[in-house]
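Trainee: According to my numbering, the stretch in the sequence shown is residues 35 to 387, in order.
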Amino acid sequence: MDDLTTAHLQSAIDDGGTGNAEVVRTLEARLCALLDAPYALCVASGTTALICALHAVGVRRGDRVGVSALGPSMTGLAVAATGAQPVFIDCRPGTFGLSPDALSPAAAGPLKAVIPVPMWGYWDESPQLLADLRRRGTAVIVDAAQAPFLRTGPRSLAESADVICLSLHGRKPVKAGEGGACLTRAPELAERVLAMRNFGQRTRFTGTRLDPTGPYGGQPGANYKINALGAAWALAQTEDPDGLRARYASMRLRARAVLGRTGIAWREAPQGGDVIEHGGYGLVALCADAEAAARMADRLTDQKIEVDTVRYSYAPMHHSPCFAPRHTSTPAAEELTATAVACRLEAFPALGG
Ligand SMILES: *Cc1c(COP(=O)(O)O)cnc(C)c1O
Numbered sequence: 035m036d037d038l039t040t041a042h043l044q045s046a047i048d049d050g051g052t053g054n055a056e057v058v059r060t061l062e063a064r065l066c067a068l069l070d071a072p073y074a075l076c077v078a079s080g081t082t083a084l085i086c087a088l089h090a091v092g093v094r095r096g097d098r099v100g101v102s103a104l105g106p107s108m109t110g111l112a113v114a115a116t117g118a119q120p121v122f123i124d125c126r127p128g129t130f131g132l133s134p135d136a137l138s139p140a141a142a143g144p145l146k147a148v149i150p151v152p153m154w155g156y157w158d159e160s161p162q163l164l165a166d167l168r169r170r171g172t173a174v175i176v177d178a179a180q181a182p183f184l185r186t187g188p189r190s191l192a193e194s195a196d197v198i199c200l201s202l203h204g205r206k207p208v209k210a211g212e213g214g215a216c217l218t219r220a221p222e223l224a225e226r227v228l229a230m231r232n233f234g235q236r237t238r239f240t241g242t243r244l245d246p247t248g249p250y251g252g253q254p255g256a257n258y259k260i261n262a263l264g265a266a267w268a269l270a271q272t273e274d275p276d277g278l279r280a281r282y283a284s285m286r287l288r289a290r291a292v293l294g295r296t297g298i299a300w301r302e303a304p305q306g307g308d309v310i311e312h313g314g315y316g317l318v319a320l321c322a323d324a325e326a327a328a329r330m331a332d333r334l335t336d337q338k339i340e341v342d343t344v345r346y347s348y349a350p351m352h353h354s355p356c357f358a359p360r361h362t363s364t365p366a367a368e369e370l371t372a373t374a375v376a377c378r379l380e381a382f383p384a385l386g387g
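1) Which complete alpha helix (DSSP H) runs does the stretch 264-325 hold, if anything under 4 residues is left out?
2) Given a cut-off of 9 angstroms on the beta-carbon distance, is the pair V197 and L217 in contact?
3) Within the chosen definition, does the stretch 256-265 reach the stretch 354-369 through at least 3 CB pairs nearer than 8 angstroms?
4) Identify the residues that DSSP records as bridge partners of Q119: which are they?
5) Using 8 angstroms as the Cβ pair cut-off and three pairs as the minimum, do the stretch 101-120 and the stretch 140-159 touch?
6) Check whether the Cβ of Q180 sits closer than 8 angstroms to any heavy atom of ligand 1, and report yes or no.
7) Nearest by alpha-carbon distance to V58: which of A173, K206, I260 is it?
8) The beta strand (DSSP E) spanning G214 covers which residue range?
9) For R126, does the count of other Cβ atoms within 10 angstroms reach 16, so buried, or fall short, so exposed?
10) Take the Cβ of A140 as the centre, count every other Cβ of all protein chains shown within 10 Å, and call the residue buried at 16 or more, exposed below.
11) Residues in the same chain with beta-carbon distance under 7 angstroms from G387, minus the five sequence neighbours each way, listed in chain order, please.
12) Leaving out five residues on either side along the sequence, give the residues of the same chain with a beta carbon under 7 angstroms from the beta carbon of M330.
13) What residues are listed by DSSP as bridge partners for F239?
14) A173 and L200 look like a contact to me (Cβ under 8 angstroms); what is the Cβ gap, rounded to whole Å?
15) Our contact map puts A67 next to L223 with C-beta atoms below 8 angstroms; I'd like the distance itself, whole angstroms only.
16) Restricting to Cα atoms, I'd like to know which of R238, Q235, G53, P275 is closest to A78.
17) On the criterion of 16 or more Cβ atoms from any shown chain inside 10 Å, does P350 qualify as buried, or is it exposed?
18) Which residues does DSSP pair with T82 in a beta bridge?
19) In the DSSP assignment, the beta strand (DSSP E) including E76 goes from what residue to what residue?
20) So D37 is in the alpha helix (DSSP H); what residue range does that whole segment cover?
21) Would S84 and T109 be called neighbours here (beta carbons separated by less than 9 angstroms)?
22) Helix, strand or coil: how does DSSP classify V58 here?
23) Sort G80, A114, L244, E193 by Cα distance to K209 and report the nearest one.
24) Given the structure, does V151 come close to ligand 1, in the sense that its CB is under 8 angstroms from one of the ligand's heavy atoms?
25) So, using beta-carbon positions, are T186 and V309 closer together than 9 angstroms?
26) Please report how far the alpha carbon of F183 lies from the alpha carbon of A112, in whole angstroms.
27) Put T371 into one of helix, strand or coil per three-state DSSP.
28) At the level of alpha carbons, what is the spacing between G248 and T237?
29) Identify whether G187 lies in helix, strand or coil by the three-state DSSP scheme.
30) For K338, is the beta carbon positioned less than 8 angstroms from some heavy atom of ligand 1?
31) In the structure shown, what three-state DSSP assignment does G131 receive?
32) What does DSSP give as the partner residue(s) for H203 in the beta ladder?
33) Report buried or exposed for M153, applying the criterion of at least 16 other Cβ atoms within 10 angstroms of its Cβ.
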């Protein structure tokens, strides 16, 4: 273990290891810089981040929340955990972006919130569509668990969304073991996330630093805090953010080269024209048909490269048994999941370029 990690871990232990430790506040400041958002709150997991964000934007039991049908069941499960109902939104054909037709009030009905999911780091949402949703009173929560490095412009991601949720799980690019974070530009949303996280306490703002204050139970809340030992580990990884981003960018180039050598035709999943930097996490190859995708997955598996779409047998979210009773049709998501091969970038580096 390097000296820096040791020092952060010691500081976390000296502070009692709780989510109120100084290393957690430092990690929050680091995440603010990484995602260009003024407020960040670390929580216990990516799932917890989604639950806190949904609560903060006013989602309550019985509300309907649109989720990208291409997201993992974890996203829909977080919606279900709040007592709200996930509504599965199809993608634009051949992209990870939400379909404007599927989101229209006629098709989707009233939605309290919508959750776009930049799967494997691919962002392909229409800024106009997100702005229209928010104008109509539908909150936008981005589940960026797989896209901590995503940068968009001219409106940054934090400007296009009410809350951005991160996972700091051990398989994600920034790792706390278990952990997550909510990022937002809106101080009132930050206050509500903090209350949810800290037993209903109030927020003391010191600049953009957020500390819990006052009695427990002033508002609804629970203990959704991160373990400071995990936060200390994550903090050490963010010590050189540009270096971290550059490492993931070079891992992507290497992953592309490995896919190129399979000899099977593929094209990379597209991203929106506003993307400045890919979100990290993975590489997605779209193949001509399901048979070609299966062959590509076999070639990679032969090279001992773990293929995420095989590991999870990738399919639209509502195929999960816990959502199965709903009769949802998402033809574009069916097509994309059948022809996509996706790998985490971390599956490649040990193999040589
Ligand atoms: C990992 C992941 C989650 C869940 O995050 P946890 O930290 O494991 O709770 C949610 N959404 C997406 C897109 C993920 O990749």
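Note that CB positions come from ideal geometry on N, CA and C, so glycine has one too.
Mentor: If we stick to the structure as given:
1) Segments of the alpha helix (DSSP H) lying fully in the stretch 264-325: 275-294.
2) It is a contact, given that the beta carbons lie within the stated cut-off.
3) Counting C-beta pairs with one atom in each stretch, the stretch 256-265 and the stretch 354-369 have fewer than three that are closer than 8 angstroms, which means they do not touch.
4) DSSP output for Q119 lists R98 as bridge partner(s).
5) Flag = yes, the stretch 101-120 and the stretch 140-159 touch.
6) Indeed, a heavy atom of ligand 1 lies less than 8 angstroms from the Cβ.
7) Measuring from the Cα of V58, the nearest candidate turns out to be I260.
8) Residues 214-218.
9) With a threshold of 16 other beta carbon atoms within 10 Å, R126 meets it and is buried.
10) With fewer than 16 Cβ atoms within 10 Å of its Cβ, A140 is classed as exposed.
11) Here the model assigns G387 a pLDDT of 41, short of 50, so the residue's position is not dependable, and the following value carries that caveat. Closer than 7 angstroms at the Cβ level, and outside the excluded window around G387, lie R288, A291.
12) Cβ neighbours of M330 beyond the five flanking positions: T296, I298, W300, A319, C321, V375.
13) Answer is L244, bridged to F239.
14) With 8 angstroms as the limit, A173 and L200 do not qualify as a contact, their Cβ atoms being about 17 angstroms apart.
15) At roughly 19 angstroms, the Cβ-Cβ gap does not stay under 8 angstroms, so A67 and L223 are not in contact.
16) Ranking the options by Cα distance to A78, first place goes to G53.
17) So P350 counts as buried.
18) The partner list for T82 (beta bridge, DSSP) is empty, contrary to what the question assumes.
19) Inspection of the sequence shows that residue 76 is occupied by Cys rather than by Glu. Per DSSP, C76 is one residue of the beta strand (DSSP E) stretching across 73-77.
20) In this chain, the alpha helix (DSSP H) harbouring D37 covers 37-48.
21) For the record, residue 84 in the displayed sequence is Leu; it is not Ser. Yes, these two residues count as a Cβ contact at 9 angstroms.
22) Here V58 carries a helix assignment [DSSP, helix/strand/coil].
23) The shortest Cα separation from K209 among G80, A114, L244, E193 belongs to G80.
24) Shortest gap from the CB of V151 to any heavy atom of ligand 1: under 8 angstroms.
25) The answer is yes: Cβ separation under 9 angstroms.
26) C-alpha separation (whole angstroms): 23 angstroms.
27) In this structure, T371 counts as helix in the three-state DSSP scheme.
28) G248 and T237 have their C-alpha atoms some 8 angstroms from each other.
29) DSSP places G187 outside both helix and strand once states are collapsed to three, so it counts as coil.
30) Not so, every heavy atom of ligand 1 lies at least 8 angstroms from the Cβ.
31) In the three-state reduction of the DSSP assignment, G131 falls in the coil class, being assigned neither a helical nor a strand state.
32) Looking at the DSSP assignment, H203 forms a beta bridge with G211.
33) Buried, because 16 or more other Cβ atoms sit within 10 Å of the Cβ of M153.
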